[in-house]
Amino acid sequence: MKAKVVTVLLLTIIATTTLGTAASEFLSVERVYIQGSAKAFIFQPSSDGEIKLLKQGIVGGIVTFKSESRKWKSLKTENLHSAPTPVMVYFTKDGKIGVKSLVPGRKIALRGMFPIEDVTRPSKRPSLNIPITSKIRYKVRSLLGTSTCPWGYEELNARYCIIENWEYLRDSYYSESRTFVEWIPFMGLKVRTHGSKKINKVGASWGLQLTTSTRAMWSFSVDGIPVIDFGSSYSGSMLKVSYAPEPDARTDNGYLDRYLNLPLKYVVVIYNIPVYDKWKKQYASIPISGVYPIEVMMSGFYEVKEGDLNRGKLLTDYLVSSHFPTQNTGSKVKVFRTTGYGTYDNIVFQFQGSSSYRFYLVPLGGSAASWLWSKLPGIGALSISFSYSKTSQSVVTYGIRVMNAPPNQLYYATILKRDIKATGDNIELAMYFTTIDDRTDSMPPCFGNVCPASTNGGIEK
């Protein structure tokens with residue numbers, strides 16, 4: 006009798022475990038609706054540090070695939086977090102490439118973003134491991150004259166061949182990911198004034214409130230061309246950080262540096278998409294990189310004062326991450342004159358909760374930028390981006406004012422900016438880093454390696 010009971014219990018446990026596993030596997034299957042058709046590769050970074058190929062081939066209509074999202078979501082945290090969505094790289098028949106984030110429930114229109122010839126780089130022939138059956142198929146195509154593509158490739162159009170099967174590629178160089186955890190500068194100010202024009206005191210009103218209405222963004226670089234696309238909304242607890250020195254921040258003989266930083270976990274991915282140019286008879290690849298903010302690693306309310314300067318990394322007088330990308334980074338310059346009392350209000354003011362902006366971003370730097378540039382030199386135009394609706398509770402405030410300076414003097418406020426392609430349109434995203442100077446020097450001050458006098462890509466220091 007006891008043996009039968011034990012057997013029944015074991016069978017019940019096995020059945021329950023099997024059903025649980027099956028349910029978990031079923032729940033990890035995602036579905037998206039795609040308008041149009043194209044040759045595509047669907048990838049997703051894995052929580053174990055790899056890149057998973059979820060689907061490949063001609064896609065269109067309702068597309069299903071088993072994602073890695075449940076593995077990411079199993080990581081318990083109270084902080085704001087969002088699993089990186091799958092990424093689809095696709096090629097249209099008219100010879101264009103596109104990159105999209107796949108969010109369940111969102112319809113995707115497969116419109117090409119860039120002509121392939123604009124984003125390819127010559128490369129060596131990739132090392133492939135092709136099965137014997139596929140080799141026979143390629144041989145038959147060649148003999149029949151139905152394809153002029155090399156082994157392992159298939160026709161896209163009259164000019165280009167695309168790698169047929171990603172799993173033929175031997176080298177991990179073609180797809181890679183890494184997750185980083187580090188402090189990221191979200192806002193910054195640099196004052197550089199001299200002699201009779203030095204500014205003695207400045208005021209600041211900086212604030213950042215992130216809630217579950219915030220959406221993470223995929224920020225891509227397609228051979229140096231920046232693109233952003235929507236990811237998923239965040240889960241977790243609110244974060245509110247403010248810096249408003251009372252009543253002001255005193256400069257050191259006209260010099261001041263202040264940076265508000267947040268600890269962030271984010272993933273960086275690399276794809277090198279192999280193509281073959283039949284016109285030029287050469288192998289090439291399309292270098293694509295992307296970054297996705299997974300978790301803001303603090304929650305709660307923080308009012309930062311001048312007394313907190315350099316006691317941790319939340320408020321510093323130096324850049325904790327100084328290797329900013331220079332590509333596609335420009336600037337706006339505002340010339341202002343102090344009043345007869347030596348003051349000026351609202352040199353720069355952004356309040357995104359009530360403005361037409363729906364995005365803000367910070368430059369990718371630090372360990373991630375060094376790793377990325379070691380893999381894909383020159384790819385660099387990446388930023389960490391966030392988005393939210395105008396009616397959401399997530400807001401950004403950034404205000405600067407002169408409190409004590411010589412009266413009736415001219416100064417220059419230079420604000421970093423970036424032009425990025427998003428959802429088919431070119432948009433300008435504010436970067437909350439501002440310099441104030443009196444132009445005593447021939448060049449205004451720089452942020453790390455980015456000098457904001459540039460209007461076409463930043464000047465290396």
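The numbering of the sequence shown is the working numbering, which starts it at 6 and goes up by one. All C-beta atoms, glycine included, are put in the ideal place defined by N, C-alpha and C. Remember, it's a predicted structure, so these values are computed and weren't measured experimentally.
Residues bridged to residue i [DSSP beta-bridge criterion]
{"i": "S166", "result": "The question names Ser, but residue 166 in the sequence shown is Cys. Paired residue(s): E160 and Y281."}
{"i": "H199", "result": "Per DSSP, none; premise fails for H199."}
{"i": "L421", "result": "S336"}
{"i": "D262", "result": "K195"}
{"i": "W1", "result": "The question about residue 1 has no answer, for the chain in this structure spans 6 to 466."}
{"i": "W223", "result": "D234"}
{"i": "G62", "result": "A45"}
Own chain residues within Cβ distance below 8 angstroms of residue i, not counting five before or after
{"i": "D234", "result": "V104, K105, S106, M222, W223, F225, A427 and T428"}
{"i": "K129", "result": "Y288"}
{"i": "M303", "result": "N84, L244, L267 and P268"}
{"i": "K98", "result": "A43, L161 and N162"}
Distance CB(residue i)-CB(residue j) smaller than 7 angstroms
{"i": "N266", "j": "V325", "result": "yes"}
{"i": "K71", "j": "T440", "result": "no"}
{"i": "I167", "j": "F96", "result": "yes"}
{"i": "T348", "j": "V407", "result": "yes"}
{"i": "R342", "j": "L415", "result": "yes"}
{"i": "T153", "j": "F391", "result": "no"}
{"i": "G259", "j": "T198", "result": "yes"}
{"i": "T69", "j": "A289", "result": "no"}
{"i": "D262", "j": "D322", "result": "yes"}
{"i": "G446", "j": "Y417", "result": "Looking at the sequence provided, one finds Asp at residue 446 rather than Gly. Not closer than 7 angstroms, so no."}
{"i": "P127", "j": "L174", "result": "no"}
Where residue i sits in the DSSP three-state scheme
{"i": "E465", "result": "For E465, the predicted structure reports a pLDDT of 46, less than 50, and the residue's modelled location is therefore unreliable. The matter cannot be settled from this model."}
{"i": "K105", "result": "strand"}
{"i": "E187", "result": "strand"}
{"i": "Y239", "result": "coil"}
{"i": "K144", "result": "helix"}
{"i": "T138", "result": "helix"}
{"i": "L149", "result": "helix"}
{"i": "E311", "result": "helix"}
{"i": "V272", "result": "strand"}
{"i": "I204", "result": "coil"}
{"i": "K57", "result": "strand"}
{"i": "K71", "result": "strand"}
{"i": "V124", "result": "helix"}
{"i": "Y173", "result": "helix"}
{"i": "Y346", "result": "coil"}
{"i": "A27", "result": "The predicted model places A27 with a pLDDT of 40, which falls under 50 and marks its position as unreliable; any figure quoted below should be read in that light. Residue state, collapsed to three classes: helix."}
Min CB distance residue i to chain B below 7 angstroms
{"i": "K318", "result": "Absent from the structure: chain B. Only one protein chain is present."}
Best match in the options for proximity to residue i [C-alpha to C-alpha]
{"i": "I275", "options": "Q61, V92, S52 and L269", "result": "V92"}
{"i": "D282", "options": "N205, A163 and D322", "result": "A163"}
{"i": "G305", "options": "L213, S177 and Y264", "result": "L213"}
{"i": "Y264", "options": "S237, S327 and Q287", "result": "S327"}
{"i": "L59", "options": "G404, S52 and F46", "result": "F46"}
{"i": "S237", "options": "A410, W77, K57 and L381", "result": "W77"}
{"i": "P50", "options": "N84, W211 and S294", "result": "S294"}
{"i": "E181", "options": "P292, D228 and K310", "result": "P292"}
{"i": "P109", "options": "E55, Y179 and V34", "result": "V34"}
{"i": "K101", "options": "R111, R116 and T90", "result": "R116"}
{"i": "N409", "options": "S242, K203 and R183", "result": "K203"}
{"i": "V401", "options": "Q355, W378, N413 and P411", "result": "Q355"}
{"i": "I405", "options": "P411, D350 and F452", "result": "D350"}
Own chain residues within Cβ distance below 6 angstroms of residue i, not counting five before or after
{"i": "A373", "result": "F185 and V273"}
{"i": "R146", "result": "S152"}
Same chain only: Cβ atoms within 7 angstroms of residue i, ignoring 5 sequence neighbours per side
{"i": "L369", "result": "V296, P330, L387, S388 and I389"}
{"i": "Y158", "result": "C166, I167, I168, E169 and Y281"}
{"i": "F191", "result": "L213, L265, N266, L267, V367 and Y437"}
{"i": "K57", "result": "F48, Q49, S51 and E73"}
{"i": "S472", "result": "Past the edges of the chain, shown from 6 to 466, lies residue 472, and the structure says nothing about it."}
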